[in-house]
Amino acid sequence: MTIQDRAVTLDVTSRSVVYEGRVWDIVHDSFVFPETGEVLGRDYIDHPGAVAVVALDDDDRILMIEQYRHPVSMYLWEVPAGLLDIDGEDPVTAAERELFEEADVRADTWHVLVDQFNSPGASAEALRIFLAQGIHEIPEDKRHVRDGEEASMKIEWVPFDEALTAVIEGRIHNPSAVSGIMALAVARQRGMETLRDAHVEWNAHPKFRAEATNLYRD
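First residue of the sequence shown? That's 1 in the UniProt record's numbering, and the numbers climb one at a time after it.
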């Protein structure tokens, strides 16, 4: 048996914005559940999706950043990541941009490591994690100027085995970092044959689904 998540187009009878936020909204959908015919209502975060990058250098180190995250009141060790919040920007381009803006580096080679929904019971956020190799630094005079929480980010190149141990021992918790590091560990065990092309379709992301324009009706 081959297991695979499947997309459906339910009869969404109404949709309203419960809260309009700076980055994402909370919406309420009413929809007909096909198994019972019952009309159900759900509130969730209408999220644009995100990308993350596991950057691996020639010395078998991955690039990690320490950033403050207010909802959990912690400084977390993460991999570069960011929102898909620019209209028309494809995921690979977004990942390249985030690597440049957050880590002052570019990469020559890109692959998809893993795709996931971060919290599908509460959010529409879809995340694609890339593997970036062939790393080279951006000259200082051409680097992005960071602000907000990003202005104080600490950047470190961490040996891969050390990062993997940190995941297993529960010392890091960011989902992009945890999933990306574990996915890379599995890919390495399988001779990197599980890596996908960087531009492979991402139909699980609601925005990129063929039926995305018909997810609900007025």
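Heads up, the beta-carbon is just placed ideally off N, CA and C, and yes, glycines get one too.
Who pairs with residue i in a beta bridge, going by DSSP?
| i | result |
| --- | --- |
| Gly170 | Looking at the DSSP assignment, Gly170 forms no beta bridge with any residue, so it has no partner. |
| Glu102 | Paired residues: none, contrary to the question. |
| Gly82 | Val51 |
| Gln4 | For Gln4, which the question treats as bridged, DSSP gives no partner whatsoever. |
| Met74 | Arg69 |
| Ala132 | Ala55, Trp110 |
| Met64 | Glu156 |
| Ser179 | Looking at the DSSP assignment, Ser179 forms no beta bridge with any residue, so it has no partner. |
| Ala126 | Phe117 |
| Val27 | Val17, Tyr44 |
| Glu140 | DSSP lists no partner for Glu140. |
Pick out whichever of the options has its Cα sitting closest to the Cα of residue i.
| i | options | result |
| --- | --- | --- |
| Pro34 | His47, Asp108, Asp46, Asp11 | Asp11 |
| His111 | Asp87, Val17, Thr194 | Thr194 |
| Ala126 | Lys154, Pro91, Asp104 | Pro91 |
| Val200 | Arg171, Arg128, Ile45, Met153 | Arg128 |
| Leu83 | Arg22, Asp141, Pro71 | Arg22 |
| Arg106 | Arg6, Val53, His173, Arg190 | Val53 |
| Val186 | Pro71, Leu164, Ile86 | Leu164 |
| Arg196 | Lys207, Glu162, Thr109 | Thr109 |
| Ile26 | Ile45, Val32, Leu40 | Ile45 |
| Ile172 | Arg190, Gln4, Trp202, Met74 | Met74 |
| Val51 | Asn118, His136, Leu184 | Asn118 |
| Lys207 | Gln4, His28, Asp87 | Asp87 |
| Leu113 | Pro71, Val32, Met192, Asp161 | Met192 |
| Arg15 | Val32, Ala81, Thr2, Glu169 | Val32 |
| Ala122 | Ala94, His28, Thr2 | His28 |
| Asp161 | Arg188, His136, Glu137 | Arg188 |
How would you call residue i, buried or exposed, if buried means at least 16 neighbouring beta carbons within 10 angstroms?
| i | result |
| --- | --- |
| Glu78 | buried |
| residue 220 | Nothing about residue 220 can be read from this structure; the chain reaches only from 1 to 218. |
| Arg69 | exposed |
| Ile65 | buried |
| Leu40 | exposed |
| Pro80 | buried |
| Ile3 | exposed |
| Ala212 | Confidence at Ala212 is low in this model, with a pLDDT of 47, below 50, so its placement is unreliable and no value can be given for it. |
| Leu184 | buried |
Report yes if the CB atom of residue i is closer than 9 Å to the CB atom of residue j, and no otherwise.
| i | j | result |
| --- | --- | --- |
| Arg61 | Pro159 | yes |
| Asp115 | Ala204 | yes |
| Ser30 | Thr9 | no |
| Leu63 | Glu156 | yes |
| Val167 | Met182 | yes |
| Val18 | Asp58 | no |
| Gly49 | Ala124 | yes |
| Ala7 | Arg209 | yes |
With 9 Å as the threshold, decide whether the Cβ of residue i is near any Cβ in chain D.
| i | result |
| --- | --- |
| Ala185 | Going by chain labels, chain D is absent from the structure shown, which holds only one protein chain. |
How about the segment 92–103 and the segment 162–182: do they share at least three Cβ pairs that are nearer than 8 Å?
No, the segment 92–103 is not in contact with the segment 162–182.
Given 8 Å, three or more beta-carbon pairs between the segment 27–47 and the segment 129–137
Using a C-beta cut-off of 8 Å, the segment 27–47 makes no contact with the segment 129–137, since fewer than three inter-stretch Cβ pairs fall below that distance.
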